[in-house]
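Every letter in the sequence shown is one number past the one before it in the UniProt record's numbering, and letter 310, counting from 1, is 310. Even glycine gets a Cβ: it sits at the ideal position worked out from N, Cα and C. The structure appears right after this line, and notes come after that.
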Amino acid sequence: MTTIDALAATLRTVLGDERVISDRQELRTYECDGLAHYKVIPALVVFPHTAAECATAVKACVEAGVPFVARGSGTGLSGGALPRADGVLIVTSQMRQIVEIAPQDERAVVQPGVINLHVTRAASPRGYYYAPDPSSQQICSIGGNVAENSGGAHCLKYGFTTNHVTGVEIVTPDGDLVHLGGRAPDAPGYDLLGAFVGSEGTLGIATEVTVRLVRLPESVRTLLAAFPSTDAAGAATSAIIGAGVVPAAIEMMDALAIEAAEAAVHCDYPQGAGAVLIVELDGPAAEVEAQFVHVERFCRDNGAFEIRIAADDAERALFWKGRKSAFAAVGRISPDYIVQDGVIPRTALPEVLHRIGEIAAERGVRVANVFHAGDGNLHPLVLFDDSVDGEAERAEEVSGAILDLCISHGGSITGEHGVGMDKAKYMPRMYSDDDLDTMQLVRCAFDPRGLSNPGKVFPTPRLCGEVPGRHKGAHPLQEAGLAEVF
Numbered sequence: 001m002t003t004i005d006a007l008a009a010t011l012r013t014v015l016g017d018e019r020v021i022s023d024r025q026e027l028r029t030y031e032c033d034g035l036a037h038y039k040v041i042p043a044l045v046v047f048p049h050t051a052a053e054c055a056t057a058v059k060a061c062v063e064a065g066v067p068f069v070a071r072g073s074g075t076g077l078s079g080g081a082l083p084r085a086d087g088v089l090i091v092t093s094q095m096r097q098i099v100e101i102a103p104q105d106e107r108a109v110v111q112p113g114v115i116n117l118h119v120t121r122a123a124s125p126r127g128y129y130y131a132p133d134p135s136s137q138q139i140c141s142i143g144g145n146v147a148e149n150s151g152g153a154h155c156l157k158y159g160f161t162t163n164h165v166t167g168v169e170i171v172t173p174d175g176d177l178v179h180l181g182g183r184a185p186d187a188p189g190y191d192l193l194g195a196f197v198g199s200e201g202t203l204g205i206a207t208e209v210t211v212r213l214v215r216l217p218e219s220v221r222t223l224l225a226a227f228p229s230t231d232a233a234g235a236a237t238s239a240i241i242g243a244g245v246v247p248a249a250i251e252m253m254d255a256l257a258i259e260a261a262e263a264a265v266h267c268d269y270p271q272g273a274g275a276v277l278i279v280e281l282d283g284p285a286a287e288v289e290a291q292f293v294h295v296e297r298f299c300r301d302n303g304a305f306e307i308r309i310a311a312d313d314a315e316r317a318l319f320w321k322g323r324k325s326a327f328a329a330v331g332r333i334s335p336d337y338i339v340q341d342g343v344i345p346r347t348a349l350p351e352v353l354h355r356i357g358e359i360a361a362e363r364g365v366r367v368a369n370v371f372h373a374g375d376g377n378l379h380p381l382v383l384f385d386d387s388v389d390g391e392a393e394r395a396e397e398v399s400g401a402i403l404d405l406c407i408s409h410g411g412s413i414t415g416e417h418g419v420g421m422d423k424a425k426y427m428p429r430m431y432s433d434d435d436l437d438t439m440q441l442v443r444c445a446f447d448p449r450g451l452s453n454p455g456k457v458f459p460t461p462r463l464c465g466e467v468p469g470r471h472k473g474a475h476p477l478q479e480a481g482l483a484e485v486f
């Protein structure tokens with residue numbers, strides 16, 4: 001009996017036959033996340049329903065020396081949930097319980113498989129909602145959002161997942177159940193919670209998450225402004241932010257992205273637009289009304305040839321439908337595409353967009369641009385046809401050149417999609433060897449065996465080394481007295 005066969009038998013005694021998959025055809029369902037460019041068939045897939053079951057699965061992997069990867073809804077776009085051919089994929093999508101909605105504390109406690117939008121649906125009757133809203137919020141899960149520190153259109157005003165998570169229960173890479181943080185706004189001591197959020201499954205698996213709820217705003221106003229070019233739309237964005245107005249969201253789409261959205265969801269954006277802005281304000285009614293007048297004026301002053309103001313929630317939803325569907329919509333105009341994710345200073349937007357256009361033209365590749373204009377988070381969609389020799393390689397070159405461009409302007413290789421498998425090779429372009437080695441020290445403190453989502457984030461294997469007594473003794477966090485282990 002192989003190690004995997006023995007491990008499967010062990011896990012079936014705990015989880016049952018129906019929650020352990022070993023059939024190769026069934027395993028193919030889980031060979032990639034939302035980045036289908038990378039595919040690996042896992043050796044096993046398991047579905048825990050409780051934190052204890054998840055911990056048991058991890059302990060079984062540790063005892064067998066088998067690597068494991070956590071996966072939620074599989075909507076990630078960086079290959080972060082890419083399985084290991086010799087490993088176990090621990091899927092938390094069936095851990096779907098909303099444990100508590102506590103409006104008096106402005107908190108919700110949920111299991112990792114709870115869908116992002118479902119938190120808001122549960123909280124809204126009490127007058128609250130969950131602010132982080134990735135474009136995939138109808139299907140992405142909170143556990144995955146925590147792993148990737150997901151953002152969304154409204155991160156300009158409300159921040160990312162890390163700004164809305166106050167506590168997590170995790171299964172450490174040793175299989176212990178540990179609490180980091182809690183309901184309090186901030187915990188004393190080292191920010192282990194901050195280290196965990198965005199760690200992409202390399203520091204353990206979240207099994208319960210305490211999130212901050214935000215009061216539903218008194219007023220929400222949304223406009224759609226059409227511009228002749230991205231330069232004009234960018235100038236309007238700078239004018240709005242420069243005037244001290246902080247909208248809940250400012251989103252931009254260029255002509256190619258608009259074309260894709262129209263083909264997919266018929267959002268009826270203004271014809272002939274080189275770019276559109278969606279600007280949304282929320283808050284106290286008097287403040288929103290006063291600021292909305294300024295936003296409308298800034299758009300007109302910077303060349304908007306048509307402005308539409310949402311009359312009701314239905315029209316507001318239609319404005320957002322085009323933007324939220326943009327990634328999937330590109331499939332209507334291109335058989336294959338790469339979703340990129342980089343960050344630049346907002347003021348560099350015109351220069352960077354021009355250069356992206358030049359890079360694409362030089363290599364004969366089309367690029368559709370969708371981005372959070374307010375905070376400079378770009379999502380260039382690099383289009384190609386994999387059936388044509390050389391196109392995939394050229395698309396990869398353009399994708400990498402865009403990341404280099406972001407770095408050269410003082411930006412980042414990712415704003416919210418994570419590093420995963422896809423961008424690990426670019427990490428040395430942002431960080432020195434000393435920086436990367438320091439990050440690895442943190443990883444090794446949590447995962448000395450290197451079994452938790454190995455091969456992700458870091459560009460080359462970095463071993464933790466032998467620390468006397470650590471591999472068989474107490475967990476390093478417990479040794480340091482920095483976590484409650486139970």
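Answer with buried or exposed for residue i, where buried requires no fewer than 16 other C-beta atoms within 10 angstroms of its C-beta.
i: residue 266; result: exposed
i: residue 39; result: exposed
i: residue 432; result: exposed
i: residue 481; result: Its pLDDT being 43, under 50, residue 481 is placed unreliably by the model, and the measurement read from it follows with that caveat. Exposed.
i: residue 84; result: buried
i: residue 354; result: exposed
i: residue 370; result: buried
i: residue 329; result: buried
i: residue 108; result: buried
i: residue 387; result: exposed
i: residue 291; result: buried
i: residue 78; result: buried
i: residue 9; result: exposed
So, with DSSP's three-state summary, where would you put residue i?
i: residue 379; result: strand
i: residue 18; result: helix
i: residue 305; result: coil
i: residue 458; result: coil
i: residue 372; result: strand
i: residue 154; result: coil
i: residue 294; result: helix
i: residue 468; result: Note that residue 468 scores 36 on pLDDT, short of 50, meaning its location in the model is unreliable; the coordinates nonetheless yield the value given after this. Looking at residue 468 - three-state DSSP - the assignment turns out to be coil, as it is neither helix nor strand.
i: residue 184; result: coil
i: residue 402; result: helix
i: residue 356; result: helix
i: residue 57; result: helix
i: residue 287; result: helix
i: residue 484; result: Caution applies to residue 484, whose pLDDT of 42 falls short of 50 and renders its modelled position unreliable; the model cannot decide the point.
i: residue 435; result: helix
i: residue 475; result: For residue 475, the predicted structure reports a pLDDT of 43, less than 50, and the residue's modelled location is therefore unreliable. A value from the coordinates is still provided. The answer is coil: DSSP assigns residue 475 none of H, G, I, E or B.
i: residue 7; result: helix
i: residue 73; result: coil
Could you name the residues of the same chain whose beta carbon sits closer than 6 Å to that of residue i, not counting the 5 residues immediately before and after it, in chain order?
i: residue 295; result: 240 and 279
i: residue 33; result: 74, 76 and 81
i: residue 350; result: 231 and 234
i: residue 193; result: 180 and 181
i: residue 459; result: 424, 425, 427 and 428
i: residue 64; result: 3 and 7
i: residue 338; result: 382, 395 and 399
Near residue i, which residues of its chain fall below 8 Å by C-beta distance, leaving aside the five closest residues on each side in sequence?
i: residue 26; result: 45
i: residue 412; result: 342, 343, 406 and 430
Go through its chain and collect everything with a Cβ distance to residue i's Cβ below 7 Å, but skip five positions before and after it.
i: residue 410; result: 345
i: residue 170; result: 178, 180, 196, 204, 205, 206 and 207
i: residue 319; result: 222, 224, 278 and 310
i: residue 120; result: 129 and 130
i: residue 198; result: 148, 149 and 162
Measure the CB-CB distance between residue i and residue j and report whether it falls below 7 Å.
i: residue 143; j: residue 59; result: no
i: residue 255; j: residue 326; result: no
i: residue 340; j: residue 399; result: yes
i: residue 210; j: residue 162; result: no
i: residue 282; j: residue 220; result: yes
i: residue 113; j: residue 43; result: no
i: residue 373; j: residue 382; result: no
i: residue 212; j: residue 105; result: no
i: residue 116; j: residue 94; result: no
i: residue 173; j: residue 452; result: yes
i: residue 273; j: residue 226; result: yes
i: residue 298; j: residue 392; result: no
i: residue 67; j: residue 57; result: no
Please confirm if residue i has its CB atom under 7 Å from at least one CB of chain D.
i: residue 449; result: The question asks about chain D, but that chain is absent: this structure has only one protein chain.
When you measure from the CB of residue i to every non-hydrogen atom of the ligand NAP, does any distance come out below 6 Å?
i: residue 81; result: Ligands displayed in this structure: none; no statement on the ligand NAP is therefore possible.
Exercise for review: Just list the beta strand (DSSP E) runs in the stretch 76–107, keeping only unbroken ones of 3 residues or longer that don't cross its boundaries, in chain order.
Suggested key: If we require 3 residues or more, the beta strand (DSSP E) runs fully inside the stretch 76–107 come out as 88–91 and 98–102.
Check your understanding: For the stretch 206–260, which segments carrying the beta strand (DSSP E) assignment without a break, of at least 3 residues, lie completely within its bounds, in sequence order?
Key -> List check, beta strand (DSSP E) in window: 219–227 and 249–254.
Exercise for review: Just list the alpha helix (DSSP H) runs in the stretch 109–150, keeping only unbroken ones of 4 residues or longer that don't cross its boundaries, in chain order.
Suggested key: Counting only unbroken stretches of 4 or more residues, the alpha helix (DSSP H) elements lying wholly within the stretch 109–150 are 116–123 and 142–148, in sequence order.
Point to revise | Uninterrupted beta strand (DSSP E) stretches inside the stretch 300–344 (no shorter than 3 residues) | key: Runs found: 306–309 and 336–339.
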